[in-house]
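Undergrad: The sequence shown maps to residues 13 to 316 in this note's numbering.
Glycine is no exception: its CB is placed at the ideal position from the N, C-alpha and C atoms.
Questions regarding the structure given below will be posed in turn.
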Amino acid sequence: MISILFFIAAAFVMTGLFSGSEMAYLSCNKLKLRHLADQGNRRAQEVMGFHRKPKLFLTTVLIGNNLMHVTIVGLATYLFKTYLNISEEWVITAILALPLVIFTETIPKDWFRHKADDFIYVFAPLLAFLNRCLSGVSHALVAMTDFMIKTTTGDLKRNPLITREEFRYVIEESTKGGVLLDHEKQLINTILNLGSVQVSEVMIPLSRFPKVSLTSRIKDVKQLAREIDTDVVLVYEEIPTLVVGLVYVFDVLFEDREDQVLSHFLKPPLFIPEETSSEKTIFLLQSKRASSAVVINAKREVIG
Numbered sequence: 013m014i015s016i017l018f019f020i021a022a023a024f025v026m027t028g029l030f031s032g033s034e035m036a037y038l039s040c041n042k043l044k045l046r047h048l049a050d051q052g053n054r055r056a057q058e059v060m061g062f063h064r065k066p067k068l069f070l071t072t073v074l075i076g077n078n079l080m081h082v083t084i085v086g087l088a089t090y091l092f093k094t095y096l097n098i099s100e101e102w103v104i105t106a107i108l109a110l111p112l113v114i115f116t117e118t119i120p121k122d123w124f125r126h127k128a129d130d131f132i133y134v135f136a137p138l139l140a141f142l143n144r145c146l147s148g149v150s151h152a153l154v155a156m157t158d159f160m161i162k163t164t165t166g167d168l169k170r171n172p173l174i175t176r177e178e179f180r181y182v183i184e185e186s187t188k189g190g191v192l193l194d195h196e197k198q199l200i201n202t203i204l205n206l207g208s209v210q211v212s213e214v215m216i217p218l219s220r221f222p223k224v225s226l227t228s229r230i231k232d233v234k235q236l237a238r239e240i241d242t243d244v245v246l247v248y249e250e251i252p253t254l255v256v257g258l259v260y261v262f263d264v265l266f267e268d269r270e271d272q273v274l275s276h277f278l279k280p281p282l283f284i285p286e287e288t289s290s291e292k293t294i295f296l297l298q299s300k301r302a303s304s305a306v307v308i309n310a311k312r313e314v315i316g
């Protein structure tokens with residue numbers, strides 16, 4: 013009986029270690045990790061190895077965690093039936109449920125999350141050893157999972173090693189250390205905040221953008237380009253807000269017949285609502301292979 017209790021306790025410790033290590037792996041400071049690894053810290057290099065193959069490491073943790081859970085339930089069931097004459101499954105489940113949730117999930121994960129930068133390096137050698145021991149099974153499960161996901165959702169996308177918040181931290185520290193100037197920091201922060209900036213806040217208003225009438229000629233576009241130094245011109249019909257297309261200066265730059273009408277060189281405009289985020293607009297322009305877009309308001313009037 014004592015040996016069974018010992019193995020149950022050991023399984024509790026191991027499953028707590030697996031659960032906590034998963035949280036420490038996800039919560040540790042990636043910048044500190046990379047810095048230590050670059051300095052030659054062996055444990056940090058082992059943890060960096062986990063981050064280079066995150067699916068493999070997390071699968072290993074999941075396998076180990078489930079093996080320990082099965083061990084606890086199996087040994088506890090045998091103990092209850094043999095020594096306590098308890099054979100009802102629901103009673104055994106009720107007895108084990110709370111200790112498993114508290115001592116193998118909640119407490120270890122919360123503890124390791126608060127001490128992530130300490131514990132991840134302390135247990136790195138043990139985790140690396142277990143990762144190697146279970147690598148065969150982990151590789152097989154990862155391959156099977158990737159195959160199933162690809163057949164149902166398409167190609168898999170990799171997540172970045174450094175998060176947006178950590179990158180902001182790098183920018184702050186670089187500015188304090190004099191690596192970045194204030195205006196450079198402001199420029200980078202503007203890029204990071206593109207998701208919250210509407211396109212109407214960064215567009216060029218229609219009144220200031222170079223434009224010509226549909227009845228204009230190539231020579232008019234060339235003259236406007238010389239005066240304003242622009243590479244694209246809006247083309248409207250009758251009134252400036254009735255945009256019918258865009259003319260790129262490069263398309264007409266080498267045309268000798270300057271009296272040609274613009275209809276032969278018109279490009280269809282890409283209309284974007286004013287509330288669209290700047291980040292989404294950039295991705296949309298990339299997908300459409302366009303360099304300019306026309307911003308419209310709720311009434312579908314061109315405003316920039």
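(1) In angstroms with no decimal places, state the Cα-to-Cα distance between His126 and Thr293.
(2) Mark Leu45 as exposed unless 16 or more other C-beta atoms lie within 10 angstroms of its C-beta, in which case mark it buried.
(3) Return helix, strand or coil for Phe283, following the three-state DSSP convention.
(4) Kindly identify the DSSP beta-bridge partner or partners of Lys223.
(5) Under the three-state reduction of DSSP, which class applies to Val182: helix, strand or coil?
(6) Does DSSP put Gly316 in a helix, in a strand, or in coil?
(7) Please look up how many angstroms separate the CB atoms of Val85 and Phe30, rounded, as I've assumed it's under 8 Å.
(8) Which residues bound the beta strand (DSSP E) around Thr293?
(9) Report the option in Leu192, Thr288, Glu291 and Phe262 whose CA atom is closest to the CA atom of Phe277.
(10) Using the beta-carbon count (16 or more within 10 Å), is Pro217 buried or exposed?
(11) Between Phe131 and Pro281, what straight-line distance do the alpha-carbon atoms span, to the nearest angstrom?
(12) Over what stretch of residues does the alpha helix (DSSP H) that includes Gly86 continue unbroken?
(13) Our contact map puts Phe92 next to Ser33 with C-beta atoms below 8 Å; I'd like the distance itself, whole angstroms only.
(14) Excluding the 5 residues preceding and the 5 following Thr94 in the sequence, name in chain order all residues of the same chain whose CB lies nearer than 6 Å to its CB.
(15) Can you have a look at Gly76 and say buried or exposed, based on whether 16 or more other CB atoms are within 10 angstroms of its CB?
(16) Assign Ile216 to one of three DSSP states: helix, strand, or coil.
(17) Just confirm the distance between the C-beta atoms of Leu274 and Val255, as a whole number of angstroms; I'd bet it's less than 8 Å.
(18) For a test of the three-state rule: what should DSSP assign to Gly190, helix, strand or coil?
(19) Determine, using beta-carbon pairs with one atom in the region 45-62 and one in the region 135-144, whether at least three such pairs fall under 8 Å.
(20) Going by alpha carbons, who is nearest to Gly207 out of Val113, His47, Asn97 and Ser289?
(21) Is it true that the CB of Leu79 sits closer than 7 Å to the CB of Phe19?
(22) Does the Cβ-Cβ distance between Val134 and Val211 come in under 7 Å?
(23) Check for me: the beta strand (DSSP E) holding Thr253 runs from which residue to which?
(24) Whose C-alpha, out of Val247, Arg144 and Ala155, is nearest the C-alpha of Ser225?
TA: Result, derived from the coordinates:
(1) Rounded to whole angstroms, His126 to Thr293 spans 39 Å at the Cα level.
(2) Counting Cβ neighbours within 10 Å, Leu45 comes out buried, since at least 16 surround it.
(3) strand
(4) Leu246
(5) helix
(6) coil
(7) Contact doesn't hold; Cβ gap of about 15 Å is too wide.
(8) Looking at the DSSP string, Thr293 is not in any beta strand (DSSP E); the run it does join, the alpha helix (DSSP H), is Ser290 to Lys300.
(9) Phe262
(10) Its Cβ having fewer than 16 others within 10 Å, Pro217 is exposed.
(11) 56 Å
(12) Pro66 to Tyr95
(13) Contact flag wrong, Cβ pair sits at about 30 Å.
(14) none
(15) buried
(16) coil
(17) Not quite, the Cβ-Cβ distance comes to about 13 Å (not below 8 Å), so this is no contact.
(18) coil
(19) Yes: at least three Cβ pairs fall under 8 Å.
(20) Ser289
(21) no
(22) no
(23) Ile251 to Tyr260
(24) Val247
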